[in-house]
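Below: the structure, in structure tokens.
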Amino acid sequence: MRIARLQALRGAHAKPLQRLSSPAWICPSCQPNGLASRRRWNSTAQIKEKPFYVTTPIFYVNAAPHIGHLYCTVLADVVKRWQQINGKEAYLCTGTDEHGMKIQRAAAKEGMDPKSFCDLNSDKFRSLTYDADISNDFFIRTTDPDHKDAVSQFWLQLKHSLPSQLGLYKGSHEGWYCVSDECFYPEDLVQPSIVPQTGKKIMINVESENEVEWVKEETWFFPLTKYKEALLKFYDENPEWVKPANRMQEVRDWVENHLEDLSVTRPVSRLNWGVSDPEDPSQTIYVWVDALINYITKAGYGSKWRTSTEDMGIWPADLQIIGKDILRFHAIYWPALLIALGLPPAKGILCHNHWTMSNRKMSKSLGNVVNPVFALQRWDVDPLRYFLMRNGNLTRDMSYSNDIIAAIYSKELQANIGNLFYRIAKPKASAGWSTKRAVETSNSGAFTALDMVKDKEEYQHFFSLESFLARTADGVSREMADYNASGAIREVFELLRETNRFITDTQPWVLAKQNETLSPLLLNWTIHRSAEALRIAAILLQPIMPSKMKRLLDEMGVQPDRRTVAYAKPDTDDAYGTSNEKKNINFDRANKHLTLFPPTVSGDVSDAEVLHQFRAHLGTKAPKSKMNQMTELLAMEARMGEAQVAKLLATDIPVEQDLTKASN
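The opening position of the sequence shown corresponds to residue 1 in our numbering, with each subsequent residue numbered one higher.
In structure tokens form, the structure reads like this:
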């Protein structure tokens, strides 16, 4: 099938393919009535809403994953899961970028062939998605046969389906090329610099400050300058296509002032690790053209469709999440290539900033690069996801710091969520209340008797939580519509903080001991409203902490089909709650390491020190008792799982070096 398709395209030499229409694409969500957001999804005649499709960049495999890769992937996962708890079908694509000169050189440096090198490092990224509980539907590798096939078909369409002035052409190219960024830079973005360690004079680009080298070669070109007006028109019609707004302005500025035709191949003599031009084996397709096509490969391009007149499945993507360093490729090159073939660009791009370590740029030479695998082990999966989403930022670089994580873990997770959960939903047997009894009281209609005291000043504190219960879901929905996970977390945090205040003000432990007429009713009201806050918060936090919130909802007795945003309103669920009989007590309270958010290592201890102490504790020298060693190991495995402990012990952190040099 693949050969037949390619031969059919090659046959276009004699009879060119009919030119694909190039409509002035407008983001479907921006069109009147949202009509364009509906498209046939599958081969049947039935019309249904197109599933939500979110993508991460595909990550270079020239080095191990870092915390920025983890943040970007978690953010995409949160967006996907949010769509799902809103009742929508959603898909997430991530993967690895494995072609190009950077990979070719990195493999040679390691003395490996490129494919073996890519296999080894791609597995690290795939493993990270599993460790971080990423619900990706696709994990694409640019070395996959179906992707290489899609690239070849896309390439031949660019060559043969467009008028000569708008399609690919061959020419000689010379300019400043950056291997690290895999792109050429115009003269006005290049300047001299000096390598501090050696004093060597080099040329760098002013964007990434990576070294550039002068290259002259014969390549194929995509006439990007011919698409300038189409791009600017698209931006005009979709002014919020790139978020945040300052990134959109950067894109416009580049198109208006720096646009050049794009060299889209490299001579195979200089680059042989990539997808070859199907008609010209002396040329290797430019790594960025190859890489960008991954987003439509998994949407069925090449295998199910090639034009916009066909069922494009999940394309266009609803959101493409990227880092600021690859904005130009996604917001200029990618839409231009798609527009050329009459295909719609993604509906939106979310561009995030980079992570620093305690406000210092992460660098191997400084020893402050965060190992995301170890970070997940140290802080646990959901708490780290929570921190990354809470402190994520689209307008400035973000600071990763263990002491900040520890403070957030203690205040917002252990106290604001965990402690509230055990006070209300899992109280001591002697407390005198249960969420089940509170829900049953609500169902009975008994709370209507409290209407007579609502307006009395001495009872006002019993109704002070109502406005927060009513508005939190809408607040979170508003923030998530703008893909602002940090803002969504703030909305939930405020609800839980107010609930803790509500408990302190109403004192259910005092009500449980009183013999006054209204005391039993006020007690059940207090527990019910607090339980409602916990239930609502847990539903809304599921995309961010899926495992912890599943456990919380399970232990509150919330049915699986009542965990959507539709139920994140007060008094929408009348069938949850647990009793507080002795035989049903959750004994996690007695073992602090089994609580929802157990104790963790102090934030002022570096990752290297934590690993060093852990290895020493489980080593042959300390503690002396073999039984104590085994007991500690079993305890760690009970909390983390055997596989995670094994991975922790194998983590590559230079603990033998002077630990005082390890930055926190």
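A virtual CB, placed ideally from N, CA and C, is assigned to each residue, including glycine.
> From D261 to A336, what does the alpha carbon distance come to, in whole angstroms?
Replying inline: Counting from one through the sequence shown, the residue named residue 261 turns up at place 261. Counting from one through the sequence shown, the residue named residue 336 turns up at place 336. Rounded to the nearest whole angstrom, the CA to CA distance from D261 to A336 is 11 angstroms.
> Per DSSP, which one or two residues make a beta bridge with D277?
Replying inline: The residue given as residue 277 occupies position 277 in the sequence shown. Beta bridge pairing from DSSP links D277 with D280.
>> For F665, tell me which candidate among D277, V151, D482, L168 has the shortest Cα-Cα distance.
In response: Nothing can be reported for residue 665: it is not among the residues displayed for the chain, which extend from 1 to 664.
> Is the segment 368-387 in contact with the segment 502-514, if contact means three or more CB pairs nearer than 8 angstroms?
Replying inline: Too few Cβ pairs lie closer than 8 angstroms, so no.
>> Taking a contact to mean a Cβ-Cβ separation below 9 angstroms, would you say A485 touches E479 in this structure?
In response: Locating residue 485 in the sequence shown gives position 485, where the first residue counts as 1. Locating residue 479 in the sequence shown gives position 479, where the first residue counts as 1. Yes, Cβ-Cβ distance for A485 and E479 is below 9 angstroms.
>> One question on the structure: do N500 and N580 come within less than 9 angstroms of each other, judged by their Cβ atoms?
In response: One-based indexing of the sequence shown puts residue 500 at position 500. One-based indexing of the sequence shown puts residue 580 at position 580. Their beta carbons are not under 9 angstroms apart, which means N500 does not touch N580 by this criterion.
>> On a Cα-Cα basis, can you pick out the residue from Y459, E466, P508 that is closest to T435?
In response: Position 435 of the sequence shown, counted from the start, is the residue given in the question as residue 435. Ranking Y459, E466, P508 by Cα distance to T435 puts P508 first.
>> Tell me the rounded alpha-carbon separation between S21 and I408.
In response: By one-based count along the sequence shown, residue 21 stands at place 21. By one-based count along the sequence shown, residue 408 stands at place 408. Any reading at S21 is ruled out, since the residue's pLDDT is 36, under 50, leaving its predicted position unreliable.
> Looking at C-beta atoms only, is the number of pairs between the segment 69-80 and the segment 111-120 that lie closer than 8 angstroms three or more?
Replying inline: Here the segment 69-80 does not lie against the segment 111-120, with fewer than 3 beta-carbon pairs under 8 angstroms apart.
> By how many angstroms is the C-alpha of E49 removed from the C-alpha of W305?
Replying inline: The residue given as residue 305 occupies position 305 in the sequence shown. The residue given as residue 49 occupies position 49 in the sequence shown. Cα to Cα, the separation comes out at about 19 angstroms.
> Anyone know if the C-beta pair for T356 and Y295 falls short of 9 angstroms?
Replying inline: Walking along the sequence shown from the start, residue 356 turns up at place 356. Walking along the sequence shown from the start, residue 295 turns up at place 295. If you check the CB distance, T356 and Y295 do not come in under 9 angstroms.
> According to DSSP, is R551 helix, strand or coil?
Replying inline: As a position in the sequence shown, residue 551 is number 551, starting the count at 1. Looking at R551 - three-state DSSP - the assignment turns out to be helix.
>> Just to check my reading of the structure: L319 and F421 have Cβ atoms closer than 8 angstroms, yes? What is that Cβ distance to the nearest angstrom?
In response: Along the sequence shown, one-based indexing puts residue 319 at 319. Along the sequence shown, one-based indexing puts residue 421 at 421. No, L319 and F421 are not in contact; Cβ-Cβ is about 32 angstroms, not under 8 angstroms.
> What are the start and end residues of the alpha helix (DSSP H) that includes R478?
Replying inline: For the purposes of this step, residue 478 is taken as the residue at position 478 of the sequence shown. From DSSP, the alpha helix (DSSP H) with R478 extends over 466-481.
> Taking just the CA atoms, how far does D311 sit from A45?
Replying inline: For the purposes of this step, residue 45 is identified with residue 45 of the sequence shown, where counting begins at 1. For the purposes of this step, residue 311 is identified with residue 311 of the sequence shown, where counting begins at 1. The predicted position of A45 is uncertain, since its pLDDT is 38 and thus under 50; a value taken from the coordinates is nonetheless stated next. The C-alpha of D311 is placed about 11 angstroms away from the C-alpha of A45.
>> Please classify T504 as buried or exposed, where buried requires at least 16 other C-beta atoms within 10 Å of its C-beta.
In response: On the sequence shown, residue 504 is found 504 positions in, with the first residue counted as 1. With fewer than 16 Cβ atoms within 10 Å of its Cβ, T504 is classed as exposed.
> Which value, in whole angstroms, describes the spacing of the CA atoms of I316 and N205?
Replying inline: Working through the sequence shown from its first residue, we reach residue 316 at position 316. Working through the sequence shown from its first residue, we reach residue 205 at position 205. In the sequence as displayed, the identity of residue 316 is Pro instead of Ile. The alpha-carbon separation between P316 and N205 amounts to approximately 33 angstroms.
>> Considering Cα atoms alone, identify which of L388, T395, L394 is closest to N402.
In response: Position 402 of the sequence shown, counting from 1, holds the residue named residue 402. Nearest of L388, T395, L394 to N402, Cα basis: L388.
> Rounded to a whole number of angstroms, what is the C-alpha to C-alpha distance between D474 and V565?
Replying inline: Taking the first residue of the sequence shown as position 1, residue 474 is located at position 474. Taking the first residue of the sequence shown as position 1, residue 565 is located at position 565. Taking the straight line joining both Cα atoms gives about 9 angstroms.
>> So if DSSP puts D97 in a beta bridge, which residue, or which two residues, is it bridged to?
In response: Numbered from 1 along the sequence shown, position 97 holds the residue referred to as residue 97. D97 is bridged to Y60.
> By how many angstroms is the C-alpha of T198 removed from the C-alpha of S208?
Replying inline: Taking the sequence shown and counting its residues from 1, one reaches residue 208 at position 208. Taking the sequence shown and counting its residues from 1, one reaches residue 198 at position 198. Cα to Cα, the separation comes out at about 20 angstroms.
> Do G323 and H99 have their CB atoms nearer than 9 angstroms?
Replying inline: Mapped onto the sequence shown, residue 323 falls at position 323. Mapped onto the sequence shown, residue 99 falls at position 99. Taking 9 angstroms as the cut-off, the beta carbon of G323 is found no closer than this to the beta carbon of H99.
> Around the C-beta of K626, are 16 or more other C-beta atoms found within 10 angstroms, so that it is buried, or is it exposed?
Replying inline: Counting from one through the sequence shown, the residue named residue 626 turns up at place 626. The pLDDT assigned to K626 is 44, lower than 50, so where the model puts this residue is not dependable, and the model offers no usable value.
>> Pop quiz: S263 and F184 are said to be a contact at Cβ under 8 angstroms. What is the actual Cβ separation, rounded to whole angstroms?
In response: Taking the first residue of the sequence shown as 1, we reach residue 263 at position 263. Taking the first residue of the sequence shown as 1, we reach residue 184 at position 184. At roughly 6 angstroms, the Cβ-Cβ gap stays under 8 angstroms, so S263 and F184 are in contact.
> Helix or strand or just coil, what does DSSP make of I349?
Replying inline: Residue numbering aside, residue 349 sits at position 349 when the sequence shown is read from its first letter. Three-state result, I349: strand.
>> Closest to G603 by C-alpha separation, out of T297, Q153, S358, L92, would be which residue?
In response: Within the sequence shown, residue 603 is the residue found at index 603, counting from 1. With distances taken between Cα atoms, G603 lies closest to S358.
> How long is the line joining the alpha carbons of L541 and D188, rounded to whole angstroms?
Replying inline: Residue mapping note: residue 541 aligns to position 541 of the sequence shown, counting from 1. Residue mapping note: residue 188 aligns to position 188 of the sequence shown, counting from 1. Here the alpha carbon of L541 sits roughly 47 angstroms from the alpha carbon of D188.
> What beta strand (DSSP E) runs, 3 residues minimum, are completely inside the segment 148-197?
Replying inline: 169-178, 183-185, 190-194, all fully within the segment 148-197.
>> Using the three-state DSSP reduction, which class does Q377 fall into: helix, strand or coil?
In response: Here the question's residue 377 lines up with position 377 in the sequence shown. Correct three-state label for Q377: helix.
> Which of the three DSSP states, helix, strand or coil, is assigned to Y286?
Replying inline: Start at 1 with the first residue of the sequence shown, and residue 286 comes out as number 286. Y286 carries a coil assignment under DSSP once its states are collapsed to helix, strand and coil.
> Ends of the alpha helix (DSSP H) at V255?
Replying inline: By one-based count along the sequence shown, residue 255 stands at place 255. First-last of the alpha helix (DSSP H) with V255: 245-257.
> Do G577 and R423 come within 9 angstroms of each other at the CB atom, strictly closer than that value?
Replying inline: As a first step, residue 423 must be located in the sequence shown, where it is residue number 423. As a first step, residue 577 must be located in the sequence shown, where it is residue number 577. No, they are not a contact pair.
> By the 10 Å Cβ neighbour count, where 16 or more other Cβ atoms means buried, how is P65 classified, buried or exposed?
Replying inline: Position 65 of the sequence shown, counted from the first residue, corresponds to residue 65. P65 should be labelled buried.
> Who are the near neighbours of L292 in its chain, counting only those whose CB is closer than 8 angstroms to its CB and skipping five residues on each side?
Replying inline: In the sequence shown, residue 292 corresponds to position 292, counting from 1. Closer than 8 angstroms at Cβ, skipping near neighbours: F329, H330, Y333, W334, L337.
> Using the C-alpha atoms, what's the distance from R497 back to K592?
Replying inline: As a working note, residue 592 is residue 592 in the sequence shown. As a working note, residue 497 is residue 497 in the sequence shown. Going by the C-alpha atoms only, they are around 22 angstroms apart.
> Secondary structure at R396, three-state DSSP: helix, strand or coil?
Replying inline: For the purposes of this step, residue 396 is taken as the residue at position 396 of the sequence shown. Per DSSP, reduced to three states, the secondary structure at R396 is coil, with no helix or strand assignment.
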